[in-house]
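Worksheet: the structure to be examined is printed underneath.
Written out as structure tokens, the structure is:
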């Protein structure tokens, strides 16, 4: 069973006779009310075809997941035909009308971009061909956070228009599962991506890129004494690199000293909205060569509760 998450957006274009402070129609001054309703996420149990992940078979009725449980900030940017932003709307999940957008536009051809993400998301529209998104620089877990994106063309021609839009998740996730028991003197575990780090997205294409912001792709977990002896312990981070293989470093800090043993897993790949699971023994094979004992598996389910971890 797999989990499929999406945002559904229903676009209603309704003729309006009211004057507005929005962009003036160059011909007759008429404007059209455009309403975007960003609905709750839906969760479906699906079977994925091994050769084409676009073929889905739904086995149950979608379960609504409130969008404020998945994203905390939402941008809607309408670009004019010349590529310049005609309108920008930013909403926070704390707002009562989160997900409901109303704007007025004259007849014309537009490009609409929706971006949903977490606190720290940076989107400063200037020109469609040049605009990018990123996150404020941080050190620690999930610097480039769970983020969704959709770009589509919008034509306002005086006729009612009803269309459904799906926002797509940009990031993938790396999960490390440590099969052997956590030792007594362990203080923390760090997992991080060490090569091919992307820290931005080109708005015009939705393709990841490097902005040299030094965003940290990884996480560090401080382990309490109650974790001693646990097996199957797991931790994860999200990554924007869904294009190239990369290396993942697993580092362990023991006692008061710095990291004493490090394992490097090479050539890890991850897909957008998918989890790549690295499974192996970390402490029973400390004398082994870096990377030994860790197997790589790709799980197409985003929900971590759906992982099947072999022991």
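Residue numbers (the working numbering): -10 to 300.
The C-beta atom is built at its ideal place from N, Cα and C for all residues, glycine as well.
Bounding residues of the beta strand (DSSP E) (the contiguous stretch that carries residue i)
i: residue 110; result: 110 to 112
i: residue 164; result: 161 to 167
i: residue 231; result: Careful: residue 231 lies outside any beta strand (DSSP E) and carries neither H nor E.
Residue i (DSSP reduced to helix, strand or coil)
i: residue 214; result: helix
i: residue 58; result: helix
i: residue 192; result: coil
i: residue 137; result: strand
i: residue 178; result: strand
i: residue 124; result: strand
i: residue 263; result: coil
i: residue 238; result: strand
Assigned exposure category for residue i - 16 Cβ within 10 Å defines buried
i: residue 84; result: exposed
i: residue 123; result: buried
i: residue 301; result: Residue 301 is absent from the structure shown; the chain starts at -10 and stops at 300.
i: residue 119; result: exposed
i: residue 55; result: exposed
i: residue 208; result: buried
Minimum C-alpha distance to residue i - residue among the options
i: residue 96; options: 70, 251 and 255; result: 70
i: residue 73; options: 57, 93, 111 and 100; result: 100
i: residue 75; options: 62, 54, 114 and 198; result: 114
i: residue 218; options: 272, 206, 266 and 233; result: 272
i: residue 63; options: 224, 233 and 136; result: 136
C-alpha distance - residue i paired with residue j, whole-angstrom precision
i: residue 193; j: residue 104; result: 12 Å
i: residue 212; j: residue 251; result: 17 Å
i: residue 141; j: residue 102; result: 7 Å
i: residue 262; j: residue 214; result: 34 Å
i: residue 130; j: residue 185; result: With a pLDDT of 41 at residue 130, under the threshold of 50, the modelled position of that residue is not reliable, and the figure given next carries that caveat. If I take the Cα positions, the gap works out to 17 Å.
i: residue 94; j: residue 145; result: 8 Å
i: residue 107; j: residue 242; result: 29 Å
i: residue 65; j: residue 90; result: 8 Å
i: residue 226; j: residue 78; result: 29 Å
i: residue 183; j: residue 257; result: 11 Å
Check: residue i C-beta below 7 Å from any heavy atom of the ligand ZN
i: residue 225; result: In terms of ligand content, the structure shown is empty, and the ligand ZN therefore cannot be addressed.
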